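In this note's numbering, the protein residues as written are -18 to 395.
Reading through the structure tokens given below for one structure.
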Ligand code: GUN
Ligand code: FE
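What follows is the structure, given as structure tokens:
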């Protein structure tokens, strides 16, 4: 990978969430994938920068194109991609027990894992998801296959081997010791890869699937290994009531995780639709992030999360597709379902000096697009809005992760 210079319109958002549009702008990306320089275009400046940074590749965007930060899916079940659009008539607990858990058992077969995970990573990259926080299944071998695939295809990813030791069925449940041992082996294996784009995540499925002994063990593991944690929290009212029955001595659902050492600044909890005031305060105090999954919350009728209220409290929020309780793996769909977009990890998500270059090149007038008659003569701000509401992966003509090109439709020269 050689240092490259990109010239064109760059759109992102600042920490205050407002849209920032820089027209006729330049950025330089070094061979580590880091943005090392940004500034307004002028022929003279460009020549100086090219010399200073030994630029060998220049990418010039067309007038109707713009660059966006790559999308970050903060909650997606890579193992559930084949189920997208199916079984959405069932409420969460029934959906898990009768539909989702049985299908996840198929990942005992490495061939099946290879096939599903290849398509999951390829498909999400193609739609502009440059970073994803994945749930795999309880199988360590298959979870490692997902790691192989994200490394090979170049996606930035956090991958979790799922932990479950209760309330499932024989064949899709672990003993406590087994779950802890396999988690340790998984984490050590991922860390030994020394990949700057891939991290392991400690992944208790949710409290109904993990007893306190397992949660405590995973909390200790999180402390000793210093890795991130992900789980589900307060998605439906039936689940909240069940947790109350299962853990009668705990103050509330959130407190079960807190007492186990799993509510930390490195934790992402999916959903959080029905949290009480006390629970929201605990989330804020622990600096735990929320993965907001609007499609899933609507599709299986879990409830609506008040994103503005959560943001006002200063709790970190990211967007997730939650496939397949959410039926669409596209982050554009998640954006449409939500009034807000943000990201959890500030090494990406902004196109500025010091950030890693995870970006997507958008072209609205792609001839292959059935709605191309709806595009033309817009301001750049309107182009961004139209892309969010009318666009899809055919408009994502190039994708870079850490400066490396991972998708190229080959439509950029004309
Ligand atoms: N809660 C526990 N497991 C799951 C899952 O796979 N999907 C969703 N949406 N919620 C869960
Ligand atoms: Fe989920």
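Glycine included, each C-beta is placed from N, C-alpha and C at the ideal position.
Bear in mind that the values here come from a model prediction, so they are computed numbers and not experimental data.
Are there 16 or more other CB atoms within 10 angstroms of the CB of residue i, so buried, or fewer, so exposed?
i	result
residue 293	exposed
residue 381	buried
residue 150	exposed
residue 323	Bear in mind that a pLDDT of 46 at residue 323, under 50, signals an unreliable position, so the model cannot answer this.
residue 1	exposed
residue 351	exposed
residue 54	buried
residue 267	buried
residue 142	buried
residue 303	buried
residue 198	buried
residue -2	exposed
residue 388	buried
If contacts are defined as beta-carbon pairs under 8 Å, then residue i and residue j qualify, I think. What distance do you get, rounded to the angstrom?
i	j	result
residue 283	residue 73	6 Å
residue 370	residue 289	With a Cβ gap of about 20 Å, residue 370 and residue 289 do not count as contacting.
residue 255	residue 218	6 Å
residue 200	residue 243	5 Å
residue -14	residue 16	Incorrect: roughly 11 Å between the Cβ atoms, too far for contact.
residue 59	residue 116	7 Å
residue 340	residue 42	In fact, because the Cβ distance is near 11 Å, the residues do not count as touching under 8 Å.
With DSSP run on the structure shown, which of helix, strand or coil describes residue i?
i	result
residue 41	strand
residue 46	strand
residue 232	coil
residue 78	helix
residue 415	Given a span of -18 to 395 for the chain in the structure shown, any question on residue 415 remains unanswerable.
residue 52	strand
residue 34	coil
residue 177	coil
residue 389	strand
residue 67	coil
residue 289	helix
residue 247	coil
residue 128	helix
residue 361	helix
residue 142	strand
residue 354	helix
residue 297	coil
residue 212	strand
residue 254	coil
residue 304	strand
residue 84	helix
residue 270	strand
residue 110	strand
Using the DSSP secondary-structure output, state which residues sit across from residue i in a beta bridge.
i	result
residue 21	6
residue -6	0
residue 115	57, 140
residue 345	Answer by DSSP bridge pairing: none, since residue 345 is not bridged.
residue -14	9, 39
residue 16	10
Which residues are close to the ligand FE, meaning CB closer than 7 Å to any heavy atom, in chain order?
My final list is 56, 58, 116, 213, 251, 274, 277, 303, 306.
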